[in-house]
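S.K.: In our numbering, the protein residues as written are -14 to 105.
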């Protein structure tokens, strides 16, 4: 959680609807500039006035979010592995390689679709 002045300032910046939505889903309020969106509809934001390692975040398109819903280029940017987002860097532009899937695969751990080795 953050200070009351930061929370009230973000309430003023994002509006009442997004304020309650952020409190419901991430438990904190954040305001920043939209950097881009990926093919799944996730929105990526950045605010360099935040504390270190809290300057970049993702607003998931689906409510049952998972880290596997982020494309590899955006994942590298959001985890501070690269400085430029995939919209500005031609090396990590999504969908340019023939082996890259159209949409990222979901994480099937603890479901019927999970990988199981052959039991001997």
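From the three backbone atoms N, C-alpha and C, an ideal C-beta is built for every residue, glycine too.
1. Identify which residue in 15, 20, 11, 3 has its Cα closest to the Cα of residue 71.
2. For the alpha helix (DSSP H) holding residue 63, just list the boundary residues, first then last.
3. Among all the DSSP beta bridges, which residues are the ones paired with residue 41?
4. Do you know offhand how far residue 29's Cα is from residue 16's?
5. Distance, Cα to Cα, residue 52 vs residue 43?
6. Assuming the contact rule is C-beta atoms closer than 8 Å, residue 24 and residue 31 should be a hit. Round their C-beta distance to whole Å, please.
7. Straight-line CA distance for residue -5 to residue 99?
8. May I ask you to report which of helix, strand or coil DSSP gives residue 36?
9. Quick one: give me the first and last residue of the alpha helix (DSSP H) that residue 21 is part of.
M.R.: In brief:
1. In the chain shown, residue 71 corresponds to position 86, counting from 1. Taking residue 71 as reference, the option from 15, 20, 11, 3 with the minimal CA-CA separation is 20.
2. Taking the chain shown and counting its residues from 1, one reaches residue 63 at position 78. First-last of the alpha helix (DSSP H) with residue 63: 57 to 63.
3. By 1-based counting over the chain shown, the position of residue 41 is 56. 31.
4. For this step, residue 29 is matched to residue 44 along the chain shown. For this step, residue 16 is matched to residue 31 along the chain shown. When rounded, the separation of the alpha-carbon atoms in residue 29 and residue 16 is 11 Å.
5. Here residue 52 refers to the residue found at position 67 of the chain shown. Here residue 43 refers to the residue found at position 58 of the chain shown. The alpha-carbon separation between residue 52 and residue 43 amounts to approximately 10 Å.
6. The residue labelled residue 24 in the question sits at position 39 within the chain shown. The residue labelled residue 31 in the question sits at position 46 within the chain shown. About 20 Å; that fails the 8 Å criterion.
7. Indexing the chain shown from 1 puts residue -5 at position 10. Indexing the chain shown from 1 puts residue 99 at position 114. If I take the Cα positions, the gap works out to 40 Å.
8. As a working note, residue 36 is residue 51 in the chain shown. When secondary structure is reduced to three states using DSSP, residue 36 falls in the coil class, being assigned neither helix nor strand.
9. Your numbering for residue 21 matches position 36 in the chain shown. Looking at the DSSP string, residue 21 is not in any alpha helix (DSSP H); the run it does join, the beta strand (DSSP E), is 18 to 22.
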